[in-house]
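Here's the structure, in C-alpha cells; my notes come after.
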Amino acid sequence: MLEGNLDRILIILLVVLCYSCERSLLPPIEENSKIIYKNSFENISDINNWAGITEFDIFNSTCKNCGSHSIRIGGGCVLPHALYAIKETCSAGYYYVDCWNKLILNGGEVRIYLKDKNNYYPGEVSIPITDTTWNYKKSDLLYMPENSTLYIEMNSGGIIAGGMLIDELRVVKVKSESLYD
C-alpha cells in the first residue's frame with residue numbers, strides 16, 4: 188500500500204515540476220490590467236516590425252524558465268539600436284514596461300515613450316540595464332493621453348560598443364495608477 192502511494196506522490200511531483208518549467212517568471216499583471224505587447228524573441232517572426240534587429244540578434248541565452256532565446260541589443264552605432272511602434276490603438280491611461288534582462292557591456296536601457304499627432308514627445312519611462320546576471324525589472328508608470336502612439340526602444344552603450352540581452356518583454360496598461368506597485 189505504501190508503495191502505491193509513493194508512486195502517486197512521485198507522479199504528482201513530476202507533473203508539478205514539468206508545469207512549473209514551462210511557466211514564465213514574469214509576475215502576473217494586476218486585475219483588469221491589459222498586456223498591450225509581449226515578446227519572448229523565440230522565433231524570427233518575433234522580430235517582425237522591429238527596426239534595428241535581425242535574425243542574427245536572436246541569442247541562445249536566456250534566464251531560467253524563459254524559453255530558449257532572447258534578443259541581443261548591441262551598441263556602437265546610431266541610436267536607437269532597436270525600435271518598435273505599437274500599431275494598435277492604445278487608449279488613454281497608465282502604462283509600464285517590464286522584462287528580464289542581462290548586461291553584456293557598457294549599460295543600456297529599455298524604454299517606452301509617446302509621440303502625439305504633432306510628433307511631440309510628451310513623456311517616457313525606462314528601465315536601466317546594469318546587472319551582468321539575469322534579473323527582472325519594471326519601469327515607472329507613463330501616462331498616455333488620447334491620440335498618441337506608443338514606442339518601445341532599446342539601446343546599449345550609446346555610440347560606443349555595448350551589449351545587453353532582453354527576454355519576456357511586456358508593455359502593460361494598468362487599470363489605474365493606484366494599482367501599480
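Numbering-wise (this note's numbering), the sequence shown opens with residue 188 and increments by one. Just so it is clear, CB atoms sit at the ideal spot from N, CA and C, and this is done for glycine as well.
Using a threshold of 7 Å, state whether the C-beta atoms of residue i and residue j are closer than that.
{"i": "M351", "j": "I299", "result": "no"}
{"i": "I245", "j": "R357", "result": "no"}
{"i": "K362", "j": "N219", "result": "yes"}
{"i": "G294", "j": "N342", "result": "no"}
{"i": "G261", "j": "E229", "result": "no"}
{"i": "Y404", "j": "I273", "result": "Look at the range of the chain in this structure, 188 to 368, and you will see that residue 404 is not part of it."}
Comparing C-alpha positions only, which one of the options sits nearest to residue i?
{"i": "L290", "options": "V312, C250, V361", "result": "C250"}
{"i": "N306", "options": "E242, Y330, S335", "result": "S335"}
{"i": "Y281", "options": "P215, Y224, D327", "result": "D327"}
{"i": "V359", "options": "Y323, C277, I347, W237", "result": "C277"}
{"i": "C286", "options": "P215, M331, E355, G263", "result": "E355"}
{"i": "T241", "options": "K225, G294, L270", "result": "L270"}
{"i": "V297", "options": "Y283, P309, P214", "result": "Y283"}
{"i": "C264", "options": "P215, G239, S255, G254", "result": "G239"}
{"i": "I347", "options": "E217, L213, T319, H268", "result": "H268"}
{"i": "T319", "options": "I216, N288, Y338", "result": "N288"}
{"i": "Y338", "options": "N322, V312, I353, W321", "result": "V312"}
DSSP three-state call for residue i: helix, strand or coil?
{"i": "D354", "result": "strand"}
{"i": "F243", "result": "helix"}
{"i": "S227", "result": "coil"}
{"i": "I347", "result": "coil"}
{"i": "D233", "result": "helix"}
{"i": "A279", "result": "coil"}
Can you list, in chain order, the residues of its chain with a C-beta nearer than 7 Å to that of residue i? Leave out the 5 residues immediately preceding and following it.
{"i": "A279", "result": "M331, P332, E333"}
{"i": "L292", "result": "G344, A348, G349, G350"}
{"i": "Y308", "result": "Y300, L301, K302"}
By Cβ distance below 6 Å, which residues in the same chain neighbour residue i in space, the five residues on each side in sequence not counted?
{"i": "D183", "result": "The structure shown does not extend to residue 183, since the chain is modelled only from 188 to 368, so the question has no answer here."}
{"i": "G310", "result": "L301, L329"}
{"i": "E340", "result": "P267, L270, R298"}
{"i": "I314", "result": "V297, K324, S326"}
Going by beta carbon distance, what residues of the same chain come within less than 8 Å of residue i, once the five residues before and after it are set aside?
{"i": "W237", "result": "A269, L270, Y271"}
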